[in-house]
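Per this note's numbering, residue 2 is the first one in the first sequence, and the count goes up by one each step.
Each residue gets a CB set at the ideal place from its N, CA and C atoms; glycine is no exception.
Read through the structure below, which is laid out as structure tokens, and then see the notes.
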Amino acid sequence: MKNLKDQLTQIVSAAFEASGYDPDYGQVTVSQRRELADYQCNGALPAARPYQTNPRQIAQEVADRLTGHAAFAEVSIAGPGFINLRLADDFIADQIAGMKADPGGRCGLEPVAQPQTIIVDYGGPNVAKSLHVGHIRAAIIGESIKRIARFLGHDTLGDIHLGDWGLQMGQVIAELRERQPDLIYFDPAYQGEYPAESPVSIDQLEEIYPAASAKSKADPEWLELAKEATGDLQAGRRGYLALWRHFVNVSVADLKKNYERLNVDFDLWLGESDVQPLIPGMVESLIRDGHAVESEGAIVIPIEEEGDKKEFPPLMLVKSNESVGYATTDLATILMRVRDYDPDAILYVVDARQQFHFTQVFRAAYKSGIARREKVSLEHNYFGTINGPDGKPFRTREGGVMKLADLIDMVVAKAFERMAEIDAAADYPEKERLEIARMVGIAALKYADLMNHRTGDYTFDLDRFSSFEGRTGPYLLYAAVRTRSILRKAAEQGLTSGAILPAAGETERELHLKLLELPDSILHAFETRAPNHLCDYVYGLATIYNRFYREHHILTETDPSRQASWLAVAELTVQVIELVLDLLGIEVPQRM
RNA sequence: GUUCCCAUAGCUCAAUGGAUAGAGCGUUGGUCUCCGAAGCCAAAGAUCCAGGUUCGAUUCCUGGUGGGGACACCA
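So, in structure tokens, the structure goes:
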């Protein structure tokens with residue numbers, strides 16, 4: 002089924018063409034003035050100049066051709082030449098029926114004609130370091146972009162891209178060596194098997210890492226030790242490798258637990274370490290092909306491009322001490338992804354502060370041919386920083402970072418309190434109430450983040466994530482759950498949904514039209530890589546639906562065919578709300 | 001210094017170059033003998049400044065002002 006806006010554009014374009022104008026002027030949009038029209042076409046205005054005529058005259062010619070078309074109840078022109086389209090109620094009802102009957106629950110969104118292979122790189126947590134609030138946006142926004150791409154029919158893979166191979170690993174090793182020098186991993190002479198059990202727990206790691214990091218900053222000599230340990234690890238020292246595997250395993254288990262609570266999951270759990278074997282060959286070939294050159298003792302890739310106003314620092318490929326940094330790793334990651342998946346796009350959902358870094362890496366990848374510009378779209382879908390009240394990146398009062406697990410605990414606890422306050426779910430089993438509180442809390446948290454455009458910074462405020470009234474995640478859950486309750490009662494009474502009738506009033510008509518905007522809204526969110534557009538859409542839908550709910554009492558309706566139609570509309574609305582929430586990565590409880 | 005991002009109502013945020021700039025919170029006032037009031041209805045309240053492009057600019061361009069980020073050997 003073709004989406005409504007495209008159908009209308011097709012009709013209007015044909016009218017432009019039949020009147021002797023370029024059909025491209027026939028683009029139709031949802032009207033900004035809903036009291037005047039449902040959809041509008043502004044094409045007559047820009048057409049006036051090239052055709053050297055009055056826009057109102059063009060509009061009139063086109064409108065004359067459209068009048069009488071079965072889709073329209075009224076075609077009029079207004080202002081300087083807007084073509085206003087009011088759709089026929091029975092045409093709308095037919096569209097709704099088509100949407101509801103659409104196979105596969107796609108609600109009128111056709112899968113893309115040419116599916117692409119898309120890798121979404123999000124998450125990017127470091128091993129040995131627990132998730133903190135700074136990781137939340139990548140997880141939430143990335144997950145949503147991944148789901149949207151997948152729903153559109155693209156072959157989509159989410160990759161967590163673990164930070165598991167940098168200096169931080171050497172720092173942790175050095176720190177542990179200082180604390181427990183007798184551990185068998187530090188004995189160079191040891192030749193046997195290493196224990197299967199990790200010598201450190203996740204909690205210990207989380208304490209060791211910041212301690213080591215702080216020491217590195219304060220003490221240059223200690224930093225050298227850490228770098229040395231990093232070098233030894235990367236050179237393959239047995240004991241260090243064994244230790245490193247423990248760190249990774251312990252961390253990944255913890256990461257999985259936390260991401261799972263957020264309803265975030267990855268198809269690939271690859272990390273920086275996975276591309277290390279590719280690096281020597283990549284560097285060699287870059288040098289051989291002349292893309293990489295020696296500079297100040299290091300090997301760099303110059304990446305200036307024509308049009309640069311200022312000199313552009315080159316990408317640091319191999320440092321003067323012969324080690325490699327994350328730019329090199331990221332380049333090798335592109336090499337691996339191209340080799341293994343042949344992607345059409347790689348979307349990096351990463352903090353805006355990495356913009357410069359990605360510009361360097363993308364330029365180097367294209368310039369060297371690691372990625373072909375005409376084949377792979379490398380995009381940094383950056384997001385803004387979560388700031389504290391002082392406008393700087395958020396820190397807790399103690400100056401530390403707030404752990405994501407703690408934030409989730411707080412939000413879920415708030416949801417639980419809230420349920421008790423309003424006496425919700427009071428007679429449900431304890432276990433279900435806890436699960437509902439989790440879903441409500443996570444919905445509040447995720448919606449509060451996703452509703453903001455991803456590029457903007459925002460200020461951390463616990464109230465923002467634990468608000469359950471007004472424009473929030475729970476509002477949306479409530480609309481869905483309340484409707485499910487009606488549908489359950491209807492089923493108990495033996496009532497079933499039936500044919501969709503033309504809208505019974507203005508509110509239902511608006512609801513129909515809003516439902517029909519779904520496909521376009523998903524497409525728009527994907528094209529702009531901006532899930533907040535879906536947040537807007539689903540909130541608008543739920544609001545209109547709530548009004549409909551108040552105005553029409555479905556279960557006591559006396560006209561059986563009207564009642565059956567309303568049940569069908571209610572079913573479709575729940576389906577759409579749940580579909581959009583799923584694209585946002587938000588789960589909906591059966592009841593709450 | 002160079003460069004990137006941001007600036008909309010008291011607060012927090014929206015807005016595909018279109019007509020009268022939308023919400024939520026907060027404030028004030030309504031609304032449960034009726035499918036779940038985490039709801040619904042109503043009131044007051046805003047595009048940083050100056051130019052430019054355009055039939056039309058919150059949106060695009062230039063220059064200011066203010067805030068934040070980044071700028072080769074840490075990731």
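Is residue i helix, strand or coil by DSSP?
i, result
"R510", "helix"
"F73", "strand"
"Y260", "helix"
"V284", "helix"
"N322", "coil"
"S296", "strand"
"T54", "coil"
"M317", "strand"
"I78", "strand"
"N547", "helix"
"H247", "helix"
"H358", "helix"
"H133", "strand"
"A15", "helix"
Note down, in chain order, each residue of its chain lying with its Cβ closer than 6 Å to the Cβ of residue i, except the 5 sequence neighbours on either side.
i, result
"I300", "A293, L318 and V319"
"D464", "none"
"E305", "F313"
"Y550", "none"
"A45", "P56, I59, A60 and G82"
"T334", "V276"
"L271", "D160"
"A16", "V63, R66 and L67"
"A98", "I501"
"R472", "Y540"
"R178", "F187"
Kindly give me the distance between the Cβ atoms of residue i and residue j, rounded to whole angstroms, as I take these residues to be in contact under 8 Å.
i, j, result
"A445", "A416", "7 Å"
"H553", "A505", "7 Å"
"H454", "A531", "6 Å"
"A219", "V173", "Between V173 and A219 the Cβ distance is about 17 Å, and since that is not below 8 Å, they are no contact."
"L478", "V441", "6 Å"
"I487", "L556", "6 Å"
"L153", "V113", "5 Å"
"L163", "Y342", "With 8 Å as the limit, L163 and Y342 do not qualify as a contact, their Cβ atoms being about 18 Å apart."
Grab me the residues of residue i's own chain with a C-beta within less than 8 Å of its C-beta, minus the 5 sequence neighbours each way, in chain order.
i, result
"D39", "V31, S32, L86, R87, L88 and L514"
"G541", "K515"
"I368", "Correcting the residue identity first, residue 368 is Lys in this sequence and not Ile. Excluding residues within five positions, the ones whose Cβ falls inside 8 Å are H292, I302 and I304."
"A328", "L316, M317, L318, H358, Q361, V362 and A365"
"L242", "L234"
Opposite residue i in the DSSP bridges: which residues?
i, result
"C42", "V29 and I84"
"E380", "L348"
"V121", "G159 and L348"
"L269", "D160"
"T460", "N388"
"N127", "G164"
"P24", "DSSP lists no partner for P24."
"P394", "N388"
Within the continuous beta strand (DSSP E) that includes residue i, where are the two ends?
i, result
"D156", "D156 to D160"
"A299", "A299 to I302"
"L224", "L224 -> not in any beta strand (DSSP E); alpha helix (DSSP H) instead, spanning P221 to Q235."
Taking the continuous alpha helix (DSSP H) assigned at residue i, which residues delimit it?
i, result
"A102", "D90 to A102"
"T574", "P561 to L584"
"L168", "L168 to R180"
"M403", "No alpha helix (DSSP H) holds M403; DSSP gives it neither H nor E."
"L336", "Y327 to Y342"
"R439", "E431 to L451"
"A372", "Neither: A372 is in no alpha helix (DSSP H) and is coded neither H nor E."
Which residues in the same chain as residue i place their Cβ atom closer than 7 Å to its Cβ, once the five residues preceding and following it in sequence are excluded?
i, result
"A438", "V413, A416, F417 and M420"
"A366", "L332, I335, A372 and L379"
"P390", "T460"
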